[in-house]
Structure formats: structure tokens, C-alpha cells
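Asker:
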Amino acid sequence: MRLHDFRGGVHPPGQKHLSAEQAIEALPLPPRLYLPLQQHAGGPALPVVTVGQRVGKGELLAQAQGATSAPLHAPTSGTITALGDFTAPHASGLPLPTITLEVDGADRWVERDLSPDPFRLEPGEVAARVGAAGIVGMGGANFPAAVKLDKARQAQVHTLVINGAECEPYVSCDDRLMRERAADIVDGIAIMLYAVQASHALIAIEDNKPEAIQAMRDACSSDARIAVLSLPSRYPAGSAKQLIQWLTGLETPAGGRGTDTGLLVHNVGTAYATHRALRQGQPLISRIVTVSGGAVAEPRNLEAPIGALVADLLAYCGGVSADCARLLMGGPMMGQPLPGIHVPMIKGTNGILALTAAEVGEMHPPSPCIRCGRCVEACPMGLLPVEMANLARREEWTHLQALGLSDCMACGSCAYVCPSRVPLPQYFAFAHGQLAAQRREERKAEQIRLLMDQRQARFARAEQAKAEAAAQRRAAKKQRAIVAVEDDD
Amino acid sequence: MNVNPLAGAPHAHDGDSVSRLMGAVLLALLPVTLYGIALFGWPALNLLMVTVLACLLGEAGCLWLAGRSMRLGLLDGSAVLTGVLLALSLPPWVPWWIGAIGGSFAIVVGKQVFGGTGQNIFNPAMLARVMLLVSFPVEMTTWLEPRPWLSGSAPSFLNGWLITFGHSALTDGVTGATILGHVRTELGMNHALSQILPGHYQPALAAVGWTGGSLGETAEILVLLGGLWLLWRRAITWLIPVAMLSTVLMLASGFHWMNPERFADPVLHLLSGSLMLGAFFIATDPVTSPIAPLGQVVFGIGCGALVYIIRTWGGYPEGVAFAVVLMNAATPLIDHYLRPRIYGRTWRGQPRPVRRKPHET
Chain A
91 MRLHDFRGGV
101 HPPGQKHLSA
111 EQAIEALPLP
121 PRLYLPLQQH
131 AGGPALPVVT
141 VGQRVGKGEL
151 LAQAQGATSA
161 PLHAPTSGTI
171 TALGDFTAPH
181 ASGLPLPTIT
191 LEVDGADRWV
201 ERDLSPDPFR
211 LEPGEVAARV
221 GAAGIVGMGG
231 ANFPAAVKLD
241 KARQAQVHTL
251 VINGAECEPY
261 VSCDDRLMRE
271 RAADIVDGIA
281 IMLYAVQASH
291 ALIAIEDNKP
301 EAIQAMRDAC
311 SSDARIAVLS
321 LPSRYPAGSA
331 KQLIQWLTGL
341 ETPAGGRGTD
351 TGLLVHNVGT
361 AYATHRALRQ
371 GQPLISRIVT
381 VSGGAVAEPR
391 NLEAPIGALV
401 ADLLAYCGGV
411 SADCARLLMG
421 GPMMGQPLPG
431 IHVPMIKGTN
441 GILALTAAEV
451 GEMHPPSPCI
461 RCGRCVEACP
471 MGLLPVEMAN
481 LARREEWTHL
491 QALGLSDCMA
501 CGSCAYVCPS
511 RVPLPQYFAF
521 AHGQLAAQRR
531 EERKAEQIRL
541 LMDQRQARFA
551 RAEQAKAEAA
561 AQRRAAKKQR
571 AIVAVEDDD
Chain E
7 MNVNPLAGAP
17 HAHDGDSVSR
27 LMGAVLLALL
37 PVTLYGIALF
47 GWPALNLLMV
57 TVLACLLGEA
67 GCLWLAGRSM
77 RLGLLDGSAV
87 LTGVLLALSL
97 PPWVPWWIGA
107 IGGSFAIVVG
117 KQVFGGTGQN
127 IFNPAMLARV
137 MLLVSFPVEM
147 TTWLEPRPWL
157 SGSAPSFLNG
167 WLITFGHSAL
177 TDGVTGATIL
187 GHVRTELGMN
197 HALSQILPGH
207 YQPALAAVGW
217 TGGSLGETAE
227 ILVLLGGLWL
237 LWRRAITWLI
247 PVAMLSTVLM
257 LASGFHWMNP
267 ERFADPVLHL
277 LSGSLMLGAF
287 FIATDPVTSP
297 IAPLGQVVFG
307 IGCGALVYII
317 RTWGGYPEGV
327 AFAVVLMNAA
337 TPLIDHYLRP
347 RIYGRTWRGQ
357 PRPVRRKPHE
367 T
């Protein structure tokens with residue numbers, strides 16, 4: 091198959107060697123797990139357990155709320171000790187409603203629904219089971235997987251793209267998963283193909299992972315529908331839009347969905363989770379996380395229960411050295427800085443990185459933009475980051491939107507190459523925030539106007555009713571007077 | 007552990023910086039600068055000192071007036087680069103006040119008035135050169151034949167000092183014309199090129215810079231090597247130099263083919279004047295050239311076309327400075343109209359419909 095190309099992109103040093111040769115290890119069960127109700131795109135999950143309740147491994151803790159949402163299950167057996175706020179794995183350090191599970195160490199399974207052969211179920215039922223297992227996009231997007239499967243089936247998608255590009259530096263969890271559990275991933279892909287009713291699957295892997303490519307080729311050799319594709323390593327090859335462009339030359343229309351091009355992109359981890367859910371009745375309660383970075387003593391790939399604290403993961407990897415300048419959840423290009431180590435990992439956490447100042451590249455202070463155009467060259471979306479940042483600084487929102495602010499996917503390529511160290515993605519995040527606030531204000535004003543109109547209408551109705559009542563009273567009085575006169579007669 | 011939770015992504019960088027970029031350009035200019043000094047002696051070195059010093063003083067004064075950090079502004083290397091580029095584009099034996107006026111004009115009027123580094127519309131060095139050429143035509147068009155260091159014809163240190171800072175006017179004995187200037191004068195007298203060029207122009211000598219001209223523009227080979235190193239170093243992109251040079255080459259080839267007695271051959275255009283210096287070091291100035299690839303191509307073509315037009319039909323024998331300054335003025339317009347197409351959108355910015363393909367097998 092001929093590869094097309096995508097625009098721009100950058101080549102950050104992979105740094106995969108730190109962790110890629112470490113086989114997946116299970117993290118010993120920590121004493122407590124913290125499960126935020128909002129670990130996915132969409133509505134937060136609704137708790138169905140109470141404090142003090144004993145739960146088994148895999149038991150439902152919170153159910154999906156709304157069409158786009160995901161349920162939450164107990165990663166191990168234990169007792170619910172709190173339903174309350176806990177620091178979220180987000181730079182703000184703000185709390186999120188969280189279920190706290192005191193681990194009993196028995197790791198006792200709740201009764202599992204070992205479903206029959208998934209290929210005997212209706213495709214929609216397969217997707218429903220993926221949804222009931224709480225599976226979300228494991229590449230970090232956290233979008234409920236079942237919603238994507240259903241939408242893709244309705245859009246008559248012909249090809250399922252399995253994203254094993256893993257273009258973020260340092261992160262090696264997908265690499266290890268493909269090397270060690272290729273057969274399970276391929277089984278998950280077959281189940282997904284059935285759920286979507288698509289005819290083909292392409293597994294796209296960057297060529298810096300030759301072992302994973304070989305393992306996947308061996309595992310899918312018996313299935314003619316599935317092929318493995320080696321991609322040149324270039325960030326952000328693992329972005330769904332760029333991946334689709336690379337494979338087909340097609341572009342997802344602005345404001346549209348990937349499925350508009352006839353392709354559906356899912357992460358390898360999602361395929362693996364689908365296999366676990368449909369074959370073993372295991373909901374999404376654990377995942378592979380890469381713990382790496384120059385400030386981590388022993389970088390590793392861990393299979394950890396959802397809700398384990400970052401502190402637990404780091405401690406198992408020998409702790410963090412004193413020269414750690416940045417603590418991240420995710421990769422260095424798009425990862426979130428963490429407010430501290432006492433935050434839980436969630437379903438979409440692919441990496442925990444502790445980076446030194448040298449790795450972060452914090453050696454130079456920002457300087458004035460010299461309009462060199464490197465950001466324009468690097469932008470995979472064809473935007474003008476330098477112009478957009480200028481407009482954001484001047485708060486010219488309308489003009490900024492016309493330049494394509496909504497098309498920016500915050501991949502960070504522009505800032506990676508900026509010689510002046512202008513924090514370009516932060517300008518765009520600021521603009522998004524300001525525009526959202528503006529829209530909220532507009533909605534509020536609209537609501538107030540509506541309420542005022544209703545109030546006036548209500549007053550007018552009351553006035554009218556009063557007037558009518560007065561008229562009736564007058565008429566009745568007149569009537570009574572006439573009757574009285576008649577009586578007198 | 008002292009982590010910064012408020013730092014935004016990306017948490018990685020390719021390591022380049024503005025001062026390193028400026029340093030790279032200065033390094034690429036070093037061979038041709040040294041060669042120019044060797045070719046034209048002490049006065050050339052004096053001139054270089056004067057322009058660089060004038061630029062640094064202008065920058066420092068403006069930063070002080072604006073209350074900005076002196077250290078950051080002076081250490082980024084942009085003022086030094088402006089001074090060097092200005093010196094390289096001047097006749098090597100001009101008196102010191104030409105360099106001083108030019109250097110301070112370049113920084114104060116060419117750059118700081120617009121708001122400092124990154125804000126200027128025109129290339130400061132070229133703006134200063136144009137101003138000097140228009141204001142002091144005699145000094146700016148007095149060229150001399152090469153008189154290399156340590157050779158008998160080279161001025162001594164003292165004489166060099168007198169040439170730059172004293173009042174020793176150049177005598178006709180030492181002056182000469184540039185190739186382009188000579189061609190222009192002779193063509194004006196209706197002489198044919200086959201009569202004009204022999205004895206005045208030898209391509210091999212022109213390529214190594216053994217001819218009259220500005221301090222740093224004559225040695226095309228060294229300029230080209232520096233430019234190629236900058237390309238390899240990714241300090242500049244190839245679009246502007248290639249577009250500019252190929253436009254001049256194509257125009258020159260076309261006209262030369264039509265009338266070889268009236269229009270000089272493309273190699274002469276390439277090897278004379280400051281075309282090569284302009285294409286690699288001046289038109290590629292990031293601040294004053296377009297930011298998007300398509301715009302850079304148009305900018306390069308515009309510069310090349312203007313250079314050829316001014317050289318061939320204009321009032322001056324050389325036009326690189328005018329061409330670059332004129333195209334600088336067009337840069338905001340080019341940037342406004344020639345944007346890249348956004349992914350998933352048409353050129354007009356509307357969502358781009360998908361032409362769905364069946365699966366390829």
C-alpha cells in the first residue's frame with residue numbers, strides 16, 4: 091500500500107530506549123485507589139455504591155450517565171471508604187468527585203458474565219458490551235469507545251485503523267503491549283471489525299518499533315483482513331487526522347468526524363481492552379503505563395490498576411531524583427503537568443514522566459518573535475501559529491477564529507521548533523477559554539432575555555386576567571342589581 | 007523536587023534559539039568578511055568596526071530609552087549582524103561617518119522605531135544602504151580595485167586610519183568601477199557587450215571576488231558556501247534563495263538569448279554585484295520576509311525580478327538593496343493573501359467535502 095504524506099510535523103528525540111526494553115510488570119496493589127467519576131469525555135459517571143460497601147474486583151461502582159459517558163468498575167476487591175472530592179490529575183490541582191477504594195488485598199473477583207462467542211451476538215450488542223465495560227480511547231483521548239463503534243457502523247466505515255504509532259517521545263506502553271500481547275490485540279481487532287461491520291483493518295506502527303511490527307505481523311498473518319503498516323517516525327503521526335491522511339490522502343473535513351472518510355481510528359490499547367472485555371468479561375480496570383524520564387531511577391512499563399496514585403507508580407520505579415523539573419501525565423509533547431504526586435492515574439494515562447530541566451529544554455528565556463515561520467512549517471494543520479498568537483495577544487477573537495483556531499489540535503509542534511520560545515499553544519488555550527467564556531455570557535444574556543420576556547408575558551396575562559375578572563364582577567353586580575330591582579317589584 | 011505545574015506543553019524543545027540563529031548567520035558570514043578585509047585592507051576592518059559599534063550603540067540607546075533589558079537585547083546578536091551586513095554592503099574605503107550614520111540609521115530608524123527586534127518592516131541594513139546611496143551618491147559609488155593585505159598596493163595601518171577617519175580623498179589612481187557599473191556606463195554610450203566586457207570581466211576572477219565592489223559582496227563562492235551551510239544548519243529555508251536566484255537566471259537567460267550584445271549573460275549576473283549575498287543573507291531575513299512557504303516563493307521571485315529590472319533598465323547599476331526593501335514592503339500583503347490551506351478546509355476556509363474512496367486492495 092502506498093503511503094501518502096501529511097504536512098509539517100517535527101522529529102523530537104524518541105527517548106524510547108529508557109523504557110522500551112523493560113517487559114510489562116504488574117504494579118503491586120497499592121493500599122488505596124482513587125477513582126474520579128470523570129475519566130472520559132462526556133457526562134460524569136453516577137455512583138451506585140455507598141460508603142462502607144464491600145465490592146469485588148470488576149464490580150460496577152458508577153454507571154454511565156447520558157449517551158456519551160462511561161461506567162466505572164472496581165479495579166480490585168475492597169471497601170468503599172469515601173465518596174468525595176480528591177485532587178484531579180490536572181495542572182489546576184482542582185478536586186473532582188472521586189470514589190475511594192480501600193484495597194483488601196484478596197483481589198476477589200465479582201461473579202463475571204463470561205459471555206458467549208462475541209461473533210454470535212448482534213454487532214450493536216458487542217458495542218454495548220464494550221460500553222458496559224467502561225472502555226474509553228486508551229491513547230489519551232478518553233472518548234467512550236462504544237459510541238465511536240456505533241457511529242462508525244452507522245457511517246458504514248470500511249476500514250478500521252489500529253493506531254500503534256505511539257509518536258510521543260518516552261512513551262512505550264503500546265510498544266510493549268504489541269510485543270507481548272499481539273495475539274490478544276488481533277483478537278480484539280477482529281471483534282471490533284465485527285462490531286463496526288468493516289471489511290479491513292490496518293495496524294499503523296512507527297518504524298522505530300521494529301519488534302512490535304514483527305510481533306503484530308506474526309500475530310495477524312492468518313487473518314487476511316488485517317495488515318500491518320510501518321510508518322516513518324514523525325510527530326504527530328499518531329494523531330487520528332494525520333494518520334488518516336497518511337494512509338489515504340483524505341482529510342477529515344473541518345468540524346466533521348474521521349468516519350466521514352470511511353475510516354475509524356482506535357488505539358491498540360483499546361483493541362486489547364475490547365478483547366479482555368468480550369472474551370474474559372473483564373471491564374477496563376487496569377492499563378499499561380510507562381513510567382520514564384531522566385529523573386526516574388528505573389524507568390518501567392507497569393500494568394497498574396486504574397486509580398493508583400502517581401506516587402505509588404513512581405515509588406515502584408525507584409522514586410524521583412532531586413533534579414526533576416517537570417512531572418507529567420502523558421508524553422512531553424501534549425502531556426499535562428501534574429500538581430503533585432498525590433493524584434490518581436486514570437483510564438487514559440499512557441505515561442508518567444519525570445523530566446529534568448535539560449530534557450524539558452528550559453535553558454533559554456523567551457525572546458521576541460522574529461517571524462521565522464518555523465511554526466508555520468511545523469504545523470500539521472496548515473495554520474499560522476505566529477499570526478494566531480499575535481491575534482490572541484490583542485484579543486481579536488473574530489479574526490482569530492477566521493484563521494482557524496478551532497482547527498488547532500494543540501499538538502505543540504509549533505512551540506517545539508520556536509527559536510524564541512513563544513508559548514504558542516498556551517495562547518491558543520487562552521483564546522479557547524476566553525471564547526468559551528464569551529459563549530457562556532451570550533447564553534446567559536439570552537436566558538435572561540427569555541426570562542424577562544416570559545415575566546412580561548406573565549404580568550400581561552395577570553393584568554388581562556384581573557381586567558377580565560373586574561369586568562365579570564361589574565357584570566355580575568349589574569345583574570344582581572337588576573335582579574334586586576325585579577325582586578322589589 | 008521543584009516541579010513547575012503551570013508550564014504548558016510541549017515539555018520538549020529542539021534547542022534552537024534566536025541568539026544561536028544569529029550566531030549561525032554571523033559564522034556563515036565570517037569567511038567572506040575576512041576575505042573582504044584581506045582584499046581591501048585596514049580601511050575595510052575600520053569600517054566594519056564603525057558599523058558594528060554604531061549599531062550596538064544605537065540599540066543600547068533605544069533599549070535604554072524604552073526601559074527594556076539591555077542584556078537580552080544586545081546579546082541576541084541581531085544588532086551585530088545588522089552592523090556586519092551593512093559593512094559588507096558598503097564600498098570598503100568609505101569615510102567613517104558613512105558607516106556611523108548608516109549603522110545608527112539602520113538600528114534606530116530601521117528597527118527600533120518599529121518596536122525593536124521582530125517588529126521592523128524593512129531589512130535594517132538594506133534600508134540604511136538605500137538611504138546612504140540616495141543621500142551620499144559620491145561616497146557610495148567610489149569603488150576601488152582589490153589591493154590585498156601585505157601586497158605593495160595595500161595601505162599601511164596609518165594610511166588605513168587616514169582613509170577611514172581622515173580626509174584623504176581617494177585619488178582616481180586607485181578607484182575603479184564595478185563590473186555592473188562599467189557595463190551600465192558603456193551600454194549608455196551604445197557600446198556592445200562584446201566590446202565592453204573583455205579586459206574588465208573574467209568569470210573566474212569575479213567568482214573568487216577579485217574585482218571592485220562592496221566589502222563582502224564580491225567573493226560569490228564564499229558567499230555561496232556560507233549560504234549552503236546555513237541551509238544545512240536549517241537557519242534559513244531554501245525557498246527564497248532558490249526562487250530569487252532562479253528568477254534572475256531565467257530572466258537573464260531569456261533576454262541574453264534574444265540580444266546578447268545588449269543583455270549580459272546570466273553567469274555575469276550571478277557572479278557580480280551583491281545578488282548572491284542578497285539571496286542567501288539579506289532576502290532570507292526572517293523578520294522582513296513572508297512566513298508561509300508560498301509567500302516566500304513569491305517574495306523570492308519578486309526580489310529576483312526587481313534585481314534584474316533595476317540592473318537592466320533602472321537608474322542604478324545594482325538593485326539588490328532596492329529590490330529587497332521594496333519586497334519587504336509587500337510582505338504584509340503577501341502574508342495576508344498567501345496562507346497555507348488549512349487541513350480539512352478549502353482554500354477559502356470552508357469545510358472540505360470528502361471524496362470517499364472504496365477500500366484499496
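Here the protein sequences line up with chains A and E, keeping their order.
Under my numbering, think of the first position of the first sequence as 91, with each following residue one higher.
Under my numbering, think of the first position of the second sequence as 7, with each following residue one higher.
All C-beta atoms in this analysis are idealised placements derived from N, C-alpha and C, irrespective of residue type, glycine included.
Can you give me the Cβ contacts of A289/E inside the same chain, cut-off strictly under 6 Å, excluding the 5 residues immediately before and after it?
Answerer: Translated into positions along the second sequence, residue 289/E becomes position 283. These residues qualify, in order along the chain: I246, M250, C309 and V330.
Asker: For my contact list, I295/A and L321/A are in at a C-beta cut-off of 8 Å; report their separation, rounded to the angstrom.
Answerer: The residue given as residue 295/A occupies position 205 in the first sequence. The residue given as residue 321/A occupies position 231 in the first sequence. The Cβ separation is near 7 Å, so the contact holds.
Asker: Check whether chain A comes within 8 Å of G232/E, counting only Cβ atoms and requiring the distance to be less than that.
Answerer: In the second sequence, counting from the first residue as 1, residue 232/E sits at position 226. By this cut-off, G232/E is not an interface position.
Asker: Taking the C-alpha atoms as reference points, what is the distance between R122/A and A363/A?
Answerer: In the first sequence, residue 122/A corresponds to position 32, counting from 1. In the first sequence, residue 363/A corresponds to position 273, counting from 1. One C-alpha to the other measures close to 23 Å.
Asker: So the beta strand (DSSP E) S259/E belongs to, where does it begin and stop?
Answerer: Sequence index remark: in the second sequence, residue 259/E carries index 253 (1-based). Looking at the DSSP string, S259/E is not in any beta strand (DSSP E); the run it does join, the alpha helix (DSSP H), is L245 to M264.
Asker: Cα separation between E467/A and A172/A?
Answerer: Within the first sequence, residue 467/A is the residue found at index 377, counting from 1. Within the first sequence, residue 172/A is the residue found at index 82, counting from 1. Taking the straight line joining both Cα atoms gives about 50 Å.
Asker: For K331/A, which of G371/A, L239/A and A231/A has the nearest alpha-carbon?
Answerer: Sequence index remark: in the first sequence, residue 331/A carries index 241 (1-based). Taking only the C-alpha atoms, the option nearest K331/A is A231/A.
Asker: Assign D178/E to one of two classes, buried (16 or more other C-beta atoms within 10 Å of its C-beta) or exposed (fewer than that).
Answerer: The residue given as residue 178/E occupies position 172 in the second sequence. Residue confidence for D178/E is low, a pLDDT of 48 falling below 50, so the modelled location carries little weight and cannot support an answer.
Asker: Using 8 Å as the limit for Cβ to Cβ distance, is R77/E near chain A?
Answerer: Against the second sequence, residue 77/E aligns to sequence position 71. Cβ-Cβ to chain A under 8 Å: no for R77/E.
Asker: Based on the DSSP output, what are the partners of V410/A in its beta bridges?
Answerer: Position 320 of the first sequence, counting from 1, holds the residue named residue 410/A. Paired residues: V386/A.
Asker: Give a yes or no on contact between the region 93 to 113 of chain A and the region 495 to 515 of chain A, applying the rule of three or more CB pairs nearer than 8 Å.
Answerer: With the cut-off at 8 Å, the region 93 to 113 of chain A and the region 495 to 515 of chain A touch.
Asker: Hey, is the region 246 to 255 of chain A in contact with the region 345 to 355 of chain A, meaning 3+ C-beta pairs nearer than 8 Å?
Answerer: Verdict: yes, contact present.
Asker: Have a look at R366/A and G278/A and give me their C-alpha separation to the nearest angstrom.
Answerer: For this step, residue 366/A is matched to residue 276 along the first sequence. For this step, residue 278/A is matched to residue 188 along the first sequence. C-alpha separation (whole angstroms): 8 Å.
Asker: Against G306/E, what residues of chain A qualify as contacts under a CB-to-CB distance less than 7 Å, listed in chain order?
Answerer: As a first step, residue 306/E must be located in the second sequence, where it is residue number 300. Residues of chain A passing the Cβ test: none, with the nearest at roughly 13 Å.
Asker: Per DSSP, H356/A is paired with what?
Answerer: Translated into positions along the first sequence, residue 356/A becomes position 266. Answer by DSSP bridge pairing, in chain order: I252/A.
Asker: So with Cβ pairs under 8 Å, would you call K331/A a contact of chain E?
Answerer: Here residue 331/A refers to the residue found at position 241 when the first sequence is read from its first residue. True, the Cβ-Cβ gap to chain E drops below 8 Å.
Asker: Verify the CB distance criterion: does D178/E have a CB-CB separation below 8 Å to chain A?
Answerer: As a working note, residue 178/E is residue 172 in the second sequence. Note on D178/E: pLDDT 48, under 50, position unreliable in the model; the coordinate value appears next. So no, D178/E is outside the interface.
Asker: With 8 Å as the threshold, decide whether the Cβ of I460/A is near any Cβ in chain E.
Answerer: Indexing the first sequence from 1 puts residue 460/A at position 370. For I460/A, the answer is yes, since a Cβ of chain E falls inside 8 Å of its Cβ.
Asker: Could you run through the region 12 to 25 of chain E and flag, in chain order, every residue whose CB is less than 9 Å away from some CB of chain A?
Answerer: Taking 9 Å as the Cβ-Cβ cut-off against chain A, the residues of the region 12 to 25 of chain E that qualify are L12, A13, G14, A15, P16, H17, A18, H19, D20, G21, D22, S23, V24 and S25.
Asker: Would you be able to state if there are at least three C-beta pairs under 8 Å between the region 191 to 204 of chain A and the region 228 to 244 of chain A?
Answerer: No, the region 228 to 244 of chain A does not touch the region 191 to 204 of chain A.
Asker: When the distance is taken between beta carbons, is P338/E closer than 8 Å to P299/E?
Answerer: The residue given as residue 299/E occupies position 293 in the second sequence. The residue given as residue 338/E occupies position 332 in the second sequence. No, these two residues do not count as a Cβ contact at 8 Å.
Asker: For a minimum of 4 consecutive residues, which ranges assigned as the alpha helix (DSSP H) are wholly contained in the region 201 to 235 of chain E?
Answerer: List check, alpha helix (DSSP H) in window: 209 to 214.
Asker: At a CB-CB cut-off below 8 Å, which residues of chain E make contact with M424/A?
Answerer: On the first sequence, position 334 is the one that residue 424/A refers to. The contacting residues are A15 and P16.
Asker: For the alpha helix (DSSP H) that contains Y314/E, what are its first and last residues?
Answerer: Position 308 of the second sequence holds residue 314/E. Per DSSP, Y314/E belongs to the alpha helix (DSSP H) from P299 to W319.
Asker: Per DSSP, which one or two residues make a beta bridge with I170/A?
Answerer: Residue 170/A sits at position 80 when you count from the first residue of the first sequence. The partner list for I170/A (beta bridge, DSSP) reads L191/A.
Asker: Bridge partners for Q287/A per DSSP, in chain order?
Answerer: Mapped onto the first sequence, residue 287/A falls at position 197. Beta-bridge pairing links Q287/A to no other residue.
Asker: Ordered along the chain, which non-local residues of its own chain (more than five positions away) have a Cβ less than 7 Å from that of E366/E?
Answerer: The residue labelled residue 366/E in the question sits at position 360 within the second sequence. The predicted position of E366/E is uncertain, since its pLDDT is 47 and thus under 50; a value taken from the coordinates is nonetheless stated next. Nothing listed; no residue qualifies.
Asker: At 7 Å on the CB atoms, spell out the chain E contacts of G342/A, in chain order.
Answerer: As a first step, residue 342/A is located in the first sequence; it is residue number 252 there, counting from the start. In the sequence under discussion, the amino acid at residue 342/A is Thr, which differs from the Gly named in the question. Residues of chain E passing the Cβ test: G350.
Asker: When the Cα atoms are used, what is the spatial distance from P187/A to A13/E?
Answerer: In the first sequence, counting from the first residue as 1, residue 187/A sits at position 97. In the second sequence, counting from the first residue as 1, residue 13/E sits at position 7. When rounded, the distance between both Cα atoms is 25 Å.
Asker: So if DSSP puts D175/A in a beta bridge, which residue, or which two residues, is it bridged to?
Answerer: Position 85 of the first sequence, counting from 1, holds the residue named residue 175/A. Partner(s): P187/A.
Asker: Quick check on N52/E: does DSSP put it in helix, strand or coil?
Answerer: Within the second sequence, numbered from 1, the residue matching residue 52/E stands at position 46. Reduced to three states, the DSSP call for N52/E is helix.
Asker: Please give me, in chain order, every unbroken run of the alpha helix (DSSP H) with length at least 4 that falls completely inside the region 39 to 118 of chain E.
Answerer: Correct list: 48 to 72, 76 to 81, 84 to 94 and 102 to 114.
Asker: Measure from the C-beta of V100/E to each C-beta in chain A and report whether the shortest distance is under 8 Å.
Answerer: Translated into positions along the second sequence, residue 100/E becomes position 94. Not one chain A Cβ lies under 8 Å of V100/E.
Asker: Have a look at L474/A and A241/E and give me their C-alpha separation to the nearest angstrom.
Answerer: Taking the first sequence and counting its residues from 1, one reaches residue 474/A at position 384. Taking the second sequence and counting its residues from 1, one reaches residue 241/E at position 235. Going by the C-alpha atoms only, they are around 19 Å apart.
Asker: What did DSSP end up calling A444/A once you bin it into helix, strand or coil?
Answerer: On the first sequence, position 354 is the one that residue 444/A refers to. Strand, per DSSP.
Asker: Rounded to whole angstroms, what's the CA-CA distance from V139/A to I170/A? Just pull it up for me.
Answerer: By one-based count along the first sequence, residue 139/A stands at place 49. By one-based count along the first sequence, residue 170/A stands at place 80. Cα to Cα, V139/A sits roughly 8 Å from I170/A.
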